[in-house]
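The structure appears right after this line, and notes come after that.
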Amino acid sequence: MRFRFYNVGYFFRLAFQGIFRNSLMSLATVFVLASALLVTGCTWAVNVNLDHNLQEVNTYNKIVVFVSKETEDHTTELLREKILNLKNVSVESVEWVTKDQVLRNLFDDYGDYGDILQMYDDDNPCKDELIITYSDSSKVTDITYQIKNMNEQEDTFGSVDKINDRREVAQKIDEIKNIISLVFSWIMILLLVVSVFIIMNTIKLAVFSRREEVSIMRYVGASGFFVAFPFVLEGIFLGGFSAGVAFGLQYAIYKVFAVKIVGDIDIISILPFEYLLRDFIITFFVIGIGLGVIGSLISLRKYNKD
Amino acid sequence: MIIFNNVTKVYPNGTRALKNVDLEIQDGEFVFIVGASGAGKTTLTKLLLCEEKPSGGRITIDKFNVSRMSRFKVPKLRRTIGIVFQDFRLLPNMTAAENIAFAMHVVGESKKTIKARVANFLKLVGLEEKGACKPAELSGGEQQRVALARALVNNPSVIIADEPTANVDPYMAIEIMELLLRVNKLGKTVIVITHNVNLVNYYKKRVITMKDGEVVSDRKGGMFDEV
Ligand SMILES: Nc1ncnc2c1ncn2[C@@H]1O[C@H](COP(=O)(O)OP(=O)(O)O)[C@@H](O)[C@H]1O
Ligand SMILES: [Mg+2]
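Below you can see the structure in the form of structure tokens.
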């Protein structure tokens, strides 16, 4: 078939007509597919964050003190010295990692995010960290208690944002992670399968509402591509739109639930959304559009036979 | 040239719709195919259009070997055959002109070509005034003429009309036949399937008579055989 630019408009019009003609089915498709993607996204976000938290805990004899944002450098240094000078609690060293370094380490761990780093140059979401190494784990409560006291003392007042002691948390997180992964994976697979079926039915319905046209097209010798493409495009739009909806919801959930609520819990550090953004977008749109194409091709298969 | 060579068609449910049919239709011929309901006439056209595959034998149209054709080639075959049905099959939400244009659009013609040819073909079937009418606003005969224009517009070399006059009044039937004869004069092969004894006897063309899936007579300048 010769390529005609005005056909592109025709294909788009048919695809949108299909979506709006059976708007209830389209809505159901977007609802289920977006849910499937959202479950996928949440599972993955939880896992990545758990991994990230576990990584920081992999040596158990460390405590991380997050320094409050407004704290002056000399106060941080003072805090560091006070912790280092604590008696009878087995503190061996206190390393000061600046927030820039923290951010750099964070992204170094997860590949090449150079441009995102630049994005943060003026507004680094990380905090300075004091990493305490100790030798006797029975003293952890003691150390933590004393650092909390320092936060109330005049010379280092308000300098401690939170203290991250993750010894027993590590095992807990591991268990939780396995359960969450398992449950969410099943929900995810189920929803994705259901999505394909719904897309198949939506497209089947679209073909049905245009069956007279399709039959004439076949009789006059329209190519298989010309007949099928509007329907595949409809699947692509449904998948893409679902991906967009899922991404919006994922953004909201992550910002509100993960960053604001969970991020406030002392022992957990949540990755910034921007760090997951690119993978979210790619995953959602690849899966969404992929399922759209697969679903529509399956339901067209039968029509392509004759 | 259309050749049926020992063609048999058995439908999946076991019906033997065609039995060892041998047939040759030359380019530019005008042929009536007659026979009782269920004789296998429509099955014959379905095989020609590659809508159904023969169970045995060989069908060729010009350079196409229809009996073993890949489905990617089927559109090419169908562009060389124009088809007219007894129930017209016009798209109800399109005007007469749009129905004709649609057939050109979906095979990838340009807007310019479409515009020019649609006007010409409306004129050819005598409906230049009715291009903007929807099928519901047209009589049966007019609808059938639009259908004929649609079948012709992509310039096929063969026209098949499956009982084209079954749903139109006798006067219109004659007009449609006259149109088909004109199309035949333009050099196209025309195959008309019909029950209309009077028409067949009047035109004295080649008549192929079918019965129970077999060709029982094939006569030039023939008459309707009561079989
Ligand atoms: N799709 C089909 N499946 C099974 N049997 C069919 C099918 N189409 C037609 N037949 C049978 O094949 C025979 C020939 O049908 P057809 O070619 O439509 O006859 P005609 O057009 O001469 O009336 C009939 O007995 C009919 O019932
Ligand atoms: Mg028939």
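Residue numbers (our numbering), protein chains in the order written: chain A, 1021 to 1326; chain B, -19 to 207.
Backbone N, C-alpha and C define an ideal beta-carbon position, used for all residues, glycine too.
From a predicted model like this one, the values you see are computed outputs, not experimental measurements.
Chain B within 9 Å of A/ASN1027, Cβ atoms only: yes
Inter-residue Cα distance where the pair is B/PHE10 and B/PHE52: 30 Å
Where B/ALA77 meets chain A, residues with beta-carbon distance less than 8 Å: In chain order: nothing, as chain A lies at least about 15 Å away.
Member of B/TYR(-9), B/LYS21 and B/ARG130 whose CA lies at the smallest distance from the CA of B/LEU3: B/LYS21
Within chain A, the residues that B/ILE(-18) reaches when beta carbons sit closer than 8 Å: The contacting residues do not exist; B/ILE(-18) stays about 17 Å from chain A at best.
Host beta strand (DSSP E) of B/ALA(-3) (start-end): -4 to 5
Segments of 4+ residues assigned as alpha helix (DSSP H) that fall wholly inside the stretch 61 to 116 of chain B: 76 to 85 and 91 to 104
Any chain A beta carbon closer than 9 Å to B/VAL211: The structure shown does not extend to residue 211 of chain B, since chain B spans only -19 to 207, so no value can be given for it.
Test item: CB-CB of B/PHE(-16) and B/LEU29 under 9 Å: no
First through last residue of the beta strand (DSSP E) which encompasses B/MET190: 186 to 191
For B/ARG51, the three-state DSSP class (helix, strand or coil): coil
Local Cβ density within 10 Å of A/ASP1143, reported as buried at 16 or more and exposed below that: exposed
Straight-line gap, B/VAL1 to A/LEU1047 (C-alpha atoms, nearest Å): 53 Å
C-beta neighbour in chain B for A/ARG1238, strict 9 Å: yes
CB-CB length for A/GLU1149 against A/VAL1122, believed under 8 Å: 6 Å
Nearest neighbour of B/ALA77, chosen from B/ARG58, B/ALA99, B/SER50 and B/MET157 [CA to CA]: B/ALA99
Residues near A/ASP1326 in its chain [Cβ-Cβ closer than 7 Å; skip 5 each side]: Model confidence at A/ASP1326 stands at a pLDDT of 46, short of 50, so the residue's coordinates are unreliable and nothing is read from them.
Whole beta strand (DSSP E) elements within the stretch 138 to 179 of chain B, 3-residue minimum: 138 to 142 and 169 to 173
Coil, strand or helix - A/VAL1109 by DSSP: coil
Under 7 Å from the C-beta of B/PRO144: neighbouring residues of chain A: Simply none; closest approach about 15 Å.
Chain A residues whose Cβ lies nearer than 8 Å to that of B/LYS56: GLY1241
B/ALA83 at chain A interface by Cβ criterion, 9 Å: yes
Beta carbon of A/ILE1309 nearer than 9 Å to that of A/GLY1260: yes
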